[in-house]
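If you read the protein sequences in the order shown, they are chains E and B. The working numbering puts the first residue of the first sequence at 1, with every later residue one more than the last. The working numbering puts the first residue of the second sequence at 1001, with every later residue one more than the last.
There are 2 protein chains.
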Amino acid sequence: MTGIIDITSPGATGSTGTAGITVLAGGVGGARFVRGLRELLSSGSGGATPITVIANTGDDMWLTGLRVCPDLDSLMYTLGGANDEVRGWGRAGETERVSAELTAYGVGWPWFTLGDLDLSTHIARTSMLRDGLTLTEATARIAERWQPGVTLLPATDDEVETHVEIVDPETGESRPIHFEEWWVRHRAQVPAVRFINRGIERARATDAAASAIADAEVVLLAPSNPVVSIGTIVALPGIAEALRSTAAPVVGVSPIIGGSAVRGMADACLRAIGVETSALAVGEHYGARSAGGIIDGWLVGDEDVASVPHLSAAGIASAAAPLWMTDVAATAAMADAALALASRVAR
Amino acid sequence: MTGIIDITSPGATGSTGTAGITVLAGGVGGARFVRGLRELLSSGSGGATPITVIANTGDDMWLTGLRVCPDLDSLMYTLGGANDEVRGWGRAGETERVSAELTAYGVGWPWFTLGDLDLSTHIARTSMLRDGLTLTEATARIAERWQPGVTLLPATDDEVETHVEIVDPETGESRPIHFEEWWVRHRAQVPAVRFINRGIERARATDAAASAIADAEVVLLAPSNPVVSIGTIVALPGIAEALRSTAAPVVGVSPIIGGSAVRGMADACLRAIGVETSALAVGEHYGARSAGGIIDGWLVGDEDVASVPHLSAAGIASAAAPLWMTDVAATAAMADAALALASRVAR
């Protein structure tokens, strides 16, 4: 690795933390980014720097009595080497026999794929939750099988589900639907009026997640959806506070390259919150920690190098690098660039 | 059909009921018997006589957070034509992908087969129960898909699970295990000290089940396990009372032929309650309604014709017939013999 941070020496970033690197992440894109980061850190000669991933749980849902956590599972399968690389999500070698049966019974969402292998994760998780385990505990238990090489933490143990207020094309009335219905069934093509973090008034981040930010050497925001992945995590009471107060540098990686969302449909989310689909606008949306925001640094794509001086003017250190996660090596290089930026902004 | 009861004429048996024939049944054996009865009644020229099946729910369990009802499902699959005829239970064309995954997660009972197709039934049922439906309602909803041609009723909507007190071969101490663990895992080879209907003190039969007995033209006890199938149904508050007070004749079909249980392991159950494995002993165990028991008639196998006078002496009308359910036609003939006996004892 070529990173500026000496990851073999705790405290090299000026942090007193010993918890390594903490990443806030959504599902598929976040998983790819973390896989690159893990590759980068494991290829160093100085031993492993621990990685903690705080996962978005806003996409979670109860479906036919089972607790489904899409982002946690995407992270777990991808980091455990069990994901379907061709399709980009879910388990490799998947089948859908149970799902077809459920449709025949008229239960569940016929437009939502529940693979047979994937289903076992939901059954195992639900069983543990019904037995009284927290989602954090159930996640740790389930992850034992996959050995993701990172500590995987749900951002919260409370049920906070993202709903999307849409204007029903048939009735003309606005009504909320679950994020997954909007995302998967409607492909985000029905305009979102706003996003609702249902249940958030009774929720807070887990102590483990807040501590992972407080004690980190570096905090990274993966190039995940700024609204319904990173935004949902940050909205949880306890997260923004931790991001603002941690001694670690906080660096984000832009999910927007050259004015386009790398992983489709983020633009539909940004539109709903009035943020332009650009690396600059998203960086400014997160905002400089020095000005009450949540980031110190913002890594943009080479295509967006022109935004760097504008970001600097907004108090956000910035650098440009190739941000296409075409393979693990390219992603590792990108993670390296993010760590280099973190080193630059470390206080 | 050659039955003596004119099933086209309600009230021909002397009953005022119009609910047709009600059968108390366990799983696999009960399902086969009901299939024969359905065949018999549908082949008549006078239109269909309704059949109501009251199913044992003592084998039910929560397994990895899912409500599994083995006997209801055996009845539903067999009567719906979806059962595995070769194996004798479960769904045809079954696979076990999810089950293998659950084992990899270390949840569930690795010795208990949960087929993928079967699993969808448990998921659908559990989802409905979690939504607040009763088991009776969920069963009706699920059965819509299978069109079993009978009304399928759980004996109770309450959770009463059969546990078996065994003497642990390793510790020498007695402890209760779930019936399915004893039956499937231990193949009933560990001696049962006694059976416990866990939860029965808070349970009762559904009104639908009690009414199906009260209003029937004929009540039949299928040749199911006398202890853990029929016995478990009868133990539910409301069932024995209904059997004793119904105007309908109550006729049982012996599951013991020539001193052997037709469907293995009933002898292990009978031993635990101190009843000999013979058609005579089981008939006497049920007892004559005229003497506080639950049956008027008891159909035994041709092999057990010598028991007929002994049963008569005990106040139980009896007849001998071929009781091997080798195919649907043989089973229909056997059901016909049971109805003929019912006609003879009708008051």
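Where is the CB? At the ideal position from N, CA and C, for every residue including glycine. Model, not experiment: these values are computed from the prediction.
By the CB criterion at 8 Å, residue 1127(B) and residue 184(E) fall outside the cutoff. At a cut-off of 8 Å between beta-carbon atoms, residue 217(E) makes no contact with chain B. Within 7 Å of the CB of residue 1101(B), the CB atoms of chain E belong to 117, 120, in sequence order along the chain.
Residue pairing for residue 22(E): DSSP places it in a beta bridge opposite 52(E), 219(E). Around residue 1220(B), the same chain offers 1023, 1251, 1338 as residues with beta carbons nearer than 6 Å, after the five sequence neighbours per side are excluded. Here residue 167(E) is exposed. Its C-beta has fewer than 16 other C-beta atoms within 10 Å.
Residue state for residue 258(E) is assigned as coil, using DSSP reduced to three classes. Cβ-Cβ distances below 6 Å link residue 31(E) to 74, 75, 78 in the same chain, with the five nearest sequence neighbours on each side left out; the list follows chain order. Beyond the five residues adjoining it in sequence on each side, residue 42(E) comes within less than 7 Å, by CB distance, of 48 in the same chain, given in chain order. Burial is judged here by how many other beta carbons sit within 10 angstroms of a residue's own beta carbon; residue 174(E) has fewer than 16 and is exposed. Residues of the stretch 1080-1100 of chain B with a C-beta less than 7 Å from any C-beta of chain E: 1095, 1097, 1098, listed in chain order.
Residue pairing for residue 1299(B): DSSP places it in a beta bridge opposite 1253(B), 1319(B).
With respect to the C-alpha of residue 345(E), the residue from 90(E), 271(E), 318(E), 122(E) having the closest C-alpha is 318(E). Only 1064, 1065, 1066 from the stretch 1061-1073 of chain B bring a Cβ to less than 8 Å from some Cβ of chain E.
Contact annotation: in the stretch 26-58 of chain E, no residue has its CB less than 9 Å from a CB in chain B. Among the residues facing chain E, residue 1126(B) is included, as its CB has a counterpart in that chain under 8 Å away. Rounded to the nearest angstrom, the gap between the Cα atoms of residue 1206(B) and residue 202(E) is 39 Å. With 16 or more other Cβ atoms from the protein chains shown falling within 10 Å of its own Cβ, residue 39(E) counts as buried. Chain B has no Cβ within less than 8 Å of the Cβ of residue 140(E). Taking 8 Å as the cut-off, the Cβ atoms of residue 94(E) and residue 117(E) count as close. The beta-carbon of residue 1104(B) is placed less than 8 Å from the nearest beta-carbon of chain E. Contact between the stretch 256-269 of chain E and the stretch 225-234 of chain E is present, with at least three C-beta pairs closer than 8 Å. The three-state reading of DSSP puts residue 164(E) in strand, counting E and B together. Under DSSP, the beta-bridge partners assigned to residue 192(E) are 166(E). Residue environment for residue 187(E): exposed (fewer than 16 other C-beta atoms within 10 angstroms of its C-beta). According to DSSP, residue pairing for residue 1177(B) in a beta bridge involves 1164(B). DSSP lists 1067(B) as the bridge partner or partners of residue 1062(B). In this structure, DSSP gives residue 1156(B) an extended state, which the three-state scheme calls strand.
For chain B, the residues of the stretch 141-167 of chain E that bring a beta carbon within less than 9 Å of one of its beta carbons are 141, 142, 144, 145, in chain order. Note that the stretch 254-262 of chain E does not touch the stretch 148-157 of chain E; fewer than 3 beta-carbon pairs, one per stretch, sit closer than 8 Å. Residues of chain E whose Cβ lies closer than 7 Å to the Cβ of residue 1130(B) are, in chain order, 65. Against chain E, the CB of residue 1123(B) has a partner CB under 8 Å away; the residue lies at that interface. When Cβ-Cβ separations below 8 Å define contact, residue 107(E) makes contact with chain B. Assignment of beta-bridge partners to residue 198(E) by DSSP yields 161(E). In this model, residue 1035(B) and residue 1053(B) are separated by some 11 Å (Cα to Cα).
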